Amino acid sequence: MPPGPERPGLTPPPDAAAPVRHRDAPAPGELLGSHYDQCFGCGEDQAHGLHLVTTAGEGVSVTAEFTVRPAHQGAPGLAHGGVLASALDETLGSLNWLLRTIAVTGRLETDYVRPVPVGATLHLAARCHAVAGRKIFSTAEGRIGGPDGPLAVRADALFVEVKVDHFTTHGRPDEIRAAMADPDQDKVTRAFEVNP
Ligand SMILES: CCCCCCCC/C=C\CCCCCCCC(=O)SCCNC(=O)CCNC(=O)[C@H](O)C(C)(C)COP(=O)(O)OP(=O)(O)OC[C@H]1O[C@@H](n2cnc3c(N)ncnc32)[C@H](O)[C@@H]1OP(=O)(O)O
């Protein structure tokens with residue numbers, strides 16, 4: 001199967017458009033912050049999480065850093081593949097904030113190129129390359145030790161735009177109430193605002 005966005009299900013249709021960065025998107029270099037403090041990917045209060053820190057890039061792109069901790073092991077001293085997929089998923093998901101679109105992962109296809117040791121910092125870079133209706137097509141990669149370090153993982157993804165009721169219908173009421181009551185208004189806006 002060819003690498004990249006030509007893969008079936010991850011190929012933008014011929015009428016797909018280039019993604020448009022929202023006018024209120026964070027400026028390049030600005031930290032995105034967490035969208036939910038209990039998120040496994042980015043939540044500050046999630047003790048077991050990845051604590052991913054994401055920065056807005058040019059256009060519809062982001063970079064992120066994730067340091068592999070002992071809790072993230074699969075094989076002795078090496079990151080678990082599912083954890084690495086989570087780091088890619090979270091980084092890719094944060095692109096949707098630059099579009100101001102609420103979207104969830106429909107498909108995530110991951111290549112594991114090189115093992116990632118505990119203690120290493122994975123430098124992730126993600127970019128949205130096409131939008132077609134509710135479908136958002138993006139790619140990401142992760143390099144060890146620095147933005148130009150050895151390639152360890154890469155992924156192609158399809159995100160699908162959803163309404164807030166995706167979360168209210170399927171999520172647990174207690175967590176939804178707590179998220180809505182978050183005193184951090186940026187977070188609440190990020191959760192509920194859709195292309196104003
Ligand atoms: C009150 C509190 C609110 C809080 C709000 C917080 C918001 C915070 C902001 C952001 C949160 C994001 C958090 C970041 C975390 C990282 C991201 C994740 O891990 S998300 C979790 C993992 N993903 C899921 O759990 C999705 C589960 N799946 C679904 O819910 C559905 O399957 C869904 C929404 C993906 C699609 O279902 P349909 O019924 O809405 O739409 P259909 O018609 O099936 O698909 C639309 C188009 O997409 C294609 N499509 C869908 N799934 C596909 C797939 N797997 N492969 C290829 N194409 C697919 C279809 O073929 C269709 O394409 P055609 O329009 O016909 O061209």
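The sequence shown begins at 1 in UniProt numbering and counts up one residue at a time. Idealized CB from N, CA, C, for every residue including glycine. A quick note: this is a predicted structure, and the numbers were derived from the prediction, not measured.
Ordered list of beta strand (DSSP E) runs contained in the region 101–126, each at least 3 residues: 103–112
As assigned by DSSP and simplified to three states, the class of residue 163: coil
Residue range of the alpha helix (DSSP H) that includes residue 175: 173–180
Helix, strand or coil at residue 156 [DSSP, three-state]: strand
Span of the alpha helix (DSSP H) around residue 91: 81–99
Integer Cβ distance of residue 106 from residue 158, believed to fall under 8 Å: 5 Å
Residue range of the beta strand (DSSP E) that includes residue 143: 135–144
Limits of the beta strand (DSSP E) - the one that residue 25 falls within: Looking at the DSSP string, residue 25 is not in any beta strand (DSSP E), and its letter there is neither H nor E.
Near ligand 1: residue 172 beta-carbon under 7 Å from a heavy atom: no
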